[in-house]
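Below you'll find the structure, written out as structure tokens, and then a few comments.
In the UniProt record's numbering, the protein residues as written are 1 to 490.
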């Protein structure tokens, strides 16, 4: 969720209460008679009625990127904008151009500290939105001629054709777009270099001796999550015998063990009484799976952080496999992959950097954070599927763990609060510079309020809620990036 409003988590009612997951038998109304909140709601219900409850990740994926009414894939029609005042949420780049300008400055400081390479620089952004952030970054970095001339291409990871077209207009204007090996290609109006679009970071070509500078702003919060709860592991009521299952007359004493069960999305039954038809009851609910799922058997066992909570009954955790995948890919692009054997040398010389800006706890595992937002308001994540943005808190420690495990050539800094990060990059000084050239009082107030909103820690400010994390080439701890306690090293 790209939310500039106050961060209020929509707690999912009855999340830990075991629920019957059987499909309601003897439906009293044909599906065509039920009034669905959206066409996608009917499609998801049909799938659940056929195969059973689905994971939260599957539900999020359908709601956000389904080709039949997904939130991001169906945007673009008049009145259906996602970003800005007319959309459902406001992002930092939409608040002030200073945000993107300072991220551009951060990239340049990393380039300077890494030796000012003269070629092979790649600018990348995952989830570029309307292209506003990348446009601001490009406008900023073109003032540094040495860095600008080292850029060989801009790579945008975007799954939505609609948003891709918007980004193309913002970054390339009337330049033609054509298909290429990894997706689509056009030419930047800012630097005259190629702009590439691809649907997943794994589709990027593997090329040696490049320096990828990657920006992920409010990207990870929209990636699907799985949720799990630690429950008492009940004693078996049956045993397998040579002739088949047999019921135990005297079940064994309760065991002290626990196991992870997945929280899944199930359907709410349709109204059975005429008086209930006008009740705006949500079509979906969260329920506890009645037995282990493949995900619950594997995902919570992948990190000591998750394992440590398993013995505490009622513990709930959220895991985003796709988030871990992207963090791993960032690390490999920057630092190279792990050697496959003891005698193997690193696959590449570490270069580049990744800057992640999102919201979530600094060190704890996210819990009960799934939320929906519509018209700048927090709503149920199960309301009007396909018309509500869905997001969850980012597990920054999990991202750092994944990056470090994926490559020996990187180190991770942060998360730091966005407010302190932007202040260290000079946002106050940049605002003062802009104000010196503005006489109109309305515009002056707008500049002042916008930068304050980006750094303020309370109220409607974004300075504390949002965090910054950096993945940079491994230096043995000898160099800290700007914004994370370091200075520019020439």
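By construction, the Cβ of each residue, glycine as well, lies at the ideal position given by its N, Cα and C atoms.
Under DSSP, the beta strand (DSSP E) around residue 377 begins and ends at which residues? 377-379
Beta-carbon contacts of residue 70 that lie in its chain and below 8 Å, excluding the five residues immediately before and after: 40, 62, 63, 64, 386
Suppose you measure from the CA of residue 435 to the CA of residue 351; what does that come to, to the nearest Å? 37 Å
C-alpha gap between residue 415 and residue 466, whole angstroms: 9 Å
Pop quiz: residue 262 and residue 228 are said to be a contact at Cβ under 8 Å. What is the actual Cβ separation, rounded to whole angstroms? 6 Å
Quick one: is residue 93 buried, meaning 16 or more other Cβ sit within 10 Å of its Cβ, or exposed? buried
Contacting residues, own chain, Cβ-Cβ under 7 Å from residue 362 (five flanking each side not counted): 396, 415, 467
Have a look at the DSSP bridge pairing and note the partners of residue 212. 122
Return the chain-ordered list of same chain residues with a C-beta closer than 7 Å to the C-beta of residue 230, the five sequence neighbours on each side being excluded. 258, 260, 309, 310, 312, 313, 314, 315
Spatial neighbours of residue 119 within its chain, please: C-beta separation below 7 Å, excluding the five flanking residues on both sides. 150, 152
Curious, which full-length beta strand (DSSP E) runs of at least 3 residues does the segment 128-186 contain? 151-157, 178-180
Following the continuous alpha helix (DSSP H) through residue 104, name the residue where it begins and the one where it ends. 97-113
How is residue 455 classed by DSSP in three states: helix, strand or coil? helix
Go through its chain and collect everything with a Cβ distance to residue 320's Cβ below 6 Å, but skip five positions before and after it. 223, 225
Just reading off the beta strand (DSSP E) that residue 229 is part of, what are its end residues? 226-232
Please report the Cβ distance between residue 154 and residue 123, rounded to the nearest whole angstrom; I am assuming they are in contact, meaning their Cβ atoms lie under 8 Å. 5 Å
Is the beta carbon of residue 379 sitting closer than 8 Å to the one on residue 373? yes
Does residue 67 come within less than 8 Å of chain D when only Cβ atoms are used? Protein chains in the displayed structure number just one, and chain D is not present.
Take the Cβ of residue 411 as the centre, count every other Cβ of all protein chains shown within 10 Å, and call the residue buried at 16 or more, exposed below. buried
Under the assumption that residue 135 contacts residue 170 (Cβ atoms under 8 Å), give the Cβ distance between them as a whole number of angstroms. 5 Å
May I have the straight-line CA-CA distance separating residue 421 from residue 52, to the nearest angstrom? 46 Å
Excluding the 5 residues preceding and the 5 following residue 400 in the sequence, name in chain order all residues of the same chain whose CB lies nearer than 6 Å to its CB. 412
Under 8 Å between C-beta atoms of residue 166 and residue 130: yes
In angstroms with no decimal places, state the Cα-to-Cα distance between residue 211 and residue 384. 43 Å
Have a look at the DSSP bridge pairing and note the partners of residue 371. 391
Element boundaries [beta strand (DSSP E), containing residue 261]: 258-267
For residue 276, I'd like the list of residues in its chain whose CB is within less than 7 Å of its CB, leaving aside the five on either flank, ordered along the chain. Per-residue confidence for residue 276 stands at a pLDDT of 49, beneath the threshold of 50, marking its modelled position as unreliable; no derived number is given.
Is it the case that the segment 176-191 contacts the segment 319-339, given that we only count it when at least three CB pairs across the two stretches are under 8 Å? no
Buried or exposed, going by whether 16 or more other CB atoms sit within 10 Å of the CB of residue 482? buried
Out of 193, 126, 189, point me to the one whose CA is closest to residue 164's CA. 126
I need the straight-line Cα distance from residue 101 to residue 330, nearest angstrom please. 22 Å
Which first and last residues belong to the alpha helix (DSSP H) in which residue 414 is found? Careful: residue 414 lies outside any alpha helix (DSSP H), inside the beta strand (DSSP E) at 410-417.
Where residue 275 sits in the DSSP three-state scheme: Any reading at residue 275 is ruled out, since the residue's pLDDT is 44, under 50, leaving its predicted position unreliable.
Under DSSP, the alpha helix (DSSP H) around residue 469 begins and ends at which residues? Premise fails: residue 469 lies in the beta strand (DSSP E), 466-473, not in any alpha helix (DSSP H).
Could you check whether residue 447 and residue 428 sit closer than 8 Å to each other, using their CB atoms as the reference points? no
Which residues in the same chain as residue 141 place their Cβ atom closer than 7 Å to its Cβ, once the five residues preceding and following it in sequence are excluded? 104, 107, 108, 147, 148
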